[in-house]
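Protein chains in written order, with this note's numbering: chain A, 1 to 310; chain B, 311 to 379.
Glycine included, C-beta positions come from ideal geometry on N, C-alpha and C.
The structure appears right after this line, and notes come after that.
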Amino acid sequence: MDPRGWLTLVAREVEAAIDEAGLPTGYASLLRLGLAEEGKVLSSNPSSRWPLLTLGSCEAASGGRWEHAIPAAAAMEAFIAALDLLDDLQDGDADGVIAACGEAQALNVSTGLLMLSQRMLLRLSDRGVGAETVLAAGRELTRAAMTVGGGQHLDLAHESRPAVSEQEALDVVSRKSATLVSCACRIGARLGSEDPAVVDLLGRFGWHAGMAAQLINDLADVAPGHPPKSDVRRGKKTLPLVSAATFGLTPDSAAPPGDEQAFRAALAQSGALHYTWVVADVHRQQAADLLAELGPERPIGGLLGLLPRA
Amino acid sequence: MNQVHLFIKELVSNEQFRRRALANPSAALGAYRLTAAEQHSLSSLCFKLSSQGAAAIDSARAKPLNFWA
Chain A
1 MDPRGWLTLV AREVEAAIDE AGLPTGYASL LRLGLAEEGK VLSSNPSSRW
51 PLLTLGSCEA ASGGRWEHAI PAAAAMEAFI AALDLLDDLQ DGDADGVIAA
101 CGEAQALNVS TGLLMLSQRM LLRLSDRGVG AETVLAAGRE LTRAAMTVGG
151 GQHLDLAHES RPAVSEQEAL DVVSRKSATL VSCACRIGAR LGSEDPAVVD
201 LLGRFGWHAG MAAQLINDLA DVAPGHPPKS DVRRGKKTLP LVSAATFGLT
251 PDSAAPPGDE QAFRAALAQS GALHYTWVVA DVHRQQAADL LAELGPERPI
301 GGLLGLLPRA
Chain B
311 MNQVHLFIKE LVSNEQFRRR ALANPSAALG AYRLTAAEQH SLSSLCFKLS
361 SQGAAAIDSA RAKPLNFWA
């Protein structure tokens, strides 16, 4: 795996797909802006893991080939950029595209990025990928999109509920982040191998990796000393906040109303953050174990390096 | 409460248990019915707390994958 080189090739693919769409200059610029947010593939310092998951899975599944999967890696990046923008619109979070053009145009940019991801998957055929495999990749992406939409529905609905169970909170993580990472890996695997067992194994690797990464994100979003996020204020039902009740911590007992820093400190002392870390680490271990099952002849080092570290 | 909850509850609320667990995680974990992965993670947690203190968890790095969340 060559992350920097791979991201450069994916950026070129994205640029070519936008250019060939014949869009009004302003709209094309906004699509590029959505793909130039911090870390994304058109930013000045790209570090996005999404294309790497797809290319790394293709490399691992095929035993070394990955070049033909570049359009799929670019499709994943555009797909995630579209979802990130939608999420910022729904949460009222800061976002470069919304700041540049307002909410109505930003919604249109999100739609454009979703369609761009579909167009880029179709560009797989330009790389010699057969129609059946292109169709399979499209099926993976649309299936994930439906699952993620359902997860987002539950996530938003949970905000207005006084309490949800740990299992319900984990179900949302499974439907959203874990499904997306699994999708990125399954598409790459399908492009690298026709063996359904290999595709399934890399999909399960992605699912566990996605669970681990999201739980670490959720932990960091409520840990003391981290920049304020909307999770506590909005009553997000993430695992560290939901499991606090199991450790005897309730919002009323933890801190004076509105004192988020005091609440975070109480949360850290309750055991809820330790618990979330352990659940995440168990998923990280399971992801690593699955990769090891692929066998020593497969290049899996790149994918292992993408696993979250807490 | 599951067994992981119970272990962590003791870890954060019982100073004597915490000292024992950080000094010898395997012995402390022996009293709990845990999977191999849970044992490994809880041992790692004890090691991190022993070497880094509370910052071991508080400093968990966010946004490794820029997730939609």
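For A:Arg139, the enclosing alpha helix (DSSP H) covers residues 131–159.
For B:Ser323 and B:Leu339, the gap between their C-alpha atoms comes out near 16 Å. The beta-carbon of B:Ser361 is placed no less than 8 Å from the nearest beta-carbon of chain A.
Around the beta carbon of A:Leu30, a 10 Å sphere encloses 16 or more other beta carbons of the protein chains shown; the residue is thus reported as buried. In the DSSP annotation of this structure, the continuous segment of the alpha helix (DSSP H) that includes A:Met115 starts and ends at 96–122. Within the model, the alpha-carbon separation for A:Ala272 versus A:Arg161 is close to 20 Å. Excluding residues up to 5 positions away in sequence, Cys185, Gly188, Ala189, Leu202 lie with their Cβ nearer than 6 Å to the Cβ of A:Ser57 in the same chain.
Comparing alpha carbon positions, the residue from A:Ala28, A:Asp289, A:Ala73 closest to A:Arg127 is A:Ala73. Interface residue (Cβ-Cβ distance to chain A less than 8 Å): B:Glu348 is classified as such.
Per DSSP, A:Pro3 is one residue of the alpha helix (DSSP H) stretching across 3–20. Among the residues of chain A, those whose CB is under 9 Å from the CB of B:Ser351 are Trp277, Val278, Val279, Ala280, Asp281, Val282, Arg284, Gln285, following chain order.
Cα atoms of B:Arg329 and A:Leu83: separation of roughly 45 Å, rounded to the nearest angstrom. DSSP places A:Tyr27 inside the alpha helix (DSSP H), whose first and last residues are 25–34. Across the structure, A:Lys236 and A:Gly130 are spaced so that their CA atoms are roughly 43 Å apart.
Of all alpha-carbon atoms in A:Ala136, A:Leu42, A:Glu168, the one lying nearest the alpha-carbon of A:Gly151 is that of A:Glu168. A direct Cα-Cα distance of roughly 48 Å separates A:Glu103 from B:Gln349. Assigned with DSSP and collapsed to three states, A:Arg298 falls in coil, not helix or strand. Between the region 106–122 of chain A and the region 81–96 of chain A there are three or more C-beta pairs closer than 8 Å, enough to call the two in contact.
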